[in-house]
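Student:
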Amino acid sequence: MLFKWLPGQSNRAQQVSSNWRKLSVPVIAAIDGYCWGAGMQIALGADFRICSPNANLSIMESKMGLTSDMAGSIALREVMPKDKALLISICGTELTAQQALEYGLVTKVSEQPLEEALSLASKITKMSPDVNAAMKHMYTRYWTAPAWKLLAYETYSQIRIMLGRNFGRMQSALRKKRRLSFNLGSVIGKSVSLANDGFLSTLSASINLFDAREFLPDATSDSN
1 MLFKWLPGQS NRAQQVSSNW RKLSVPVIAA IDGYCWGAGM QIALGADFRI
51 CSPNANLSIM ESKMGLTSDM AGSIALREVM PKDKALLISI CGTELTAQQA
101 LEYGLVTKVS EQPLEEALSL ASKITKMSPD VNAAMKHMYT RYWTAPAWKL
151 LAYETYSQIR IMLGRNFGRM QSALRKKRRL SFNLGSVIGK SVSLANDGFL
201 STLSASINLF DAREFLPDAT SDSN
């Protein structure tokens, strides 16, 4: 699990989170209940995290004598200030849904997180998959990169989009004021060929997490 050929590559444990970032479609995590440790690392690999009001989130590894090592730190540095990330990671702080929202750890709090995720996925599928892929890659790869790299990728993406079939179809649909069915096989980056229901399933990644308290030492027991 921890082996890797080069230090900068993801090992198998890290790929559980980091591989979501490589997909050419947005990934949505629906979180209900406890989301601790490995579960939180997996959720951080998603582009959007929607949780229920009773959700409890924590980067719990420090309480087990470990550091977080499943690539969640890549997304963590993008969604919150360093001091807050360091604080909740070192202390293994448990956050309520509202606290997680204020910290930037989740995108939205909803009474029905899975239904909310499916609704968002439905909206995304109505947009050009070329644009979805380009914007995901641009924000994922270049969010913290030097400005010149971001500007270069903006131009590169725009040219590729305008040369694609979906751009011509969208312009025609806008002129004729009609709905458009996109070609899902034409995606910037890695080619993804999926039926509508498969595309929706990929977008709405619902994460059902175990109760991590079962694996923690009893806080009330005497230490040896």
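Residue numbers for the sequence shown follow the UniProt record's numbering, beginning at 1 and rising by one.
Backbone N, C-alpha and C fix where the C-beta goes; we use that ideal spot for every residue, glycine too.
1. Taking the beta carbon of residue 139 as the centre, do at least 16 other beta carbons fall within 10 Å, making it buried, or is it exposed?
2. Measuring CA to CA, which of 122, 121, 118, 152 is closest to residue 134?
3. Measure the alpha-carbon distance for residue 194 versus residue 129 and round it to whole angstroms.
4. Decide if residue 64 is buried, meaning its Cβ has at least 16 other Cβ atoms within 10 Å, or exposed.
5. Assign residue 234 to one of two classes, buried (16 or more other C-beta atoms within 10 Å of its C-beta) or exposed (fewer than that).
6. Within a Cβ cutoff of 7 Å, which residues of the same chain sit near residue 278, ignoring the five residues on either side of it in sequence?
7. Less than 7 Å between CB atoms is the rule here; does residue 115 satisfy it with respect to chain D?
8. May I ask you to list the residues that DSSP assigns as paired with residue 56?
9. Are residue 142 and residue 150 close, meaning C-beta to C-beta below 7 Å?
10. How far does the alpha helix (DSSP H) with residue 175 in it extend, from its first residue to its last?
11. Which residue's Cα is closest to the Cα of residue 98: 110, 92, 90?
12. Spatial neighbours of residue 215 within its chain, please: CB distance less than 6 Å, with the 5 preceding and 5 following residues excluded, ordered by chain position.
13. What three-state label does DSSP hand residue 145 in the structure shown?
14. Quick check: the Cα distance between residue 176 and residue 160, rounded to an integer number of angstroms?
15. Quick check: residue 116 and residue 56, are their CB atoms within less than 7 Å of each other?
16. On the criterion of 16 or more Cβ atoms from any shown chain inside 10 Å, does residue 61 qualify as buried, or is it exposed?
17. Are the CB atoms of residue 17 and residue 41 nearer to each other than 7 Å?
18. For residue 108, which three-state DSSP category applies?
19. Is the beta carbon of residue 22 within less than 6 Å of some heavy atom of the ligand SAM?
20. Which residue comes first and which comes last in the beta strand (DSSP E) that contains residue 49?
21. Does DSSP classify residue 29 as helix, strand or coil?
22. If you reduce the DSSP assignment to three classes, tell me which class residue 69 lands in.
23. Start and end of the alpha helix (DSSP H) containing residue 12?
Tutor: To lay it out plainly:
1. exposed
2. 152
3. The pLDDT assigned to residue 194 is 29, lower than 50, so where the model puts this residue is not dependable, and the model offers no usable value.
4. exposed
5. Because the chain in this structure spans residues 1 to 224, residue 234 falls outside the shown range and cannot be described.
6. With the chain represented from 1 up to 224, any question about residue 278 goes unanswered, as that position is not in the structure.
7. Note that chain D does not occur in the displayed structure, where there is just one protein chain.
8. 34, 96
9. yes
10. 165-176
11. 110
12. Note that residue 215 scores a pLDDT of 37, beneath 50, so its modelled location is shaky and nothing firm can be said.
13. coil
14. 24 Å
15. no
16. buried
17. yes
18. strand
19. Absence of the ligand SAM from the depicted structure is noted, as is the absence of any ligand whatsoever, leaving it without description.
20. 48-51
21. strand
22. coil
23. 12-22
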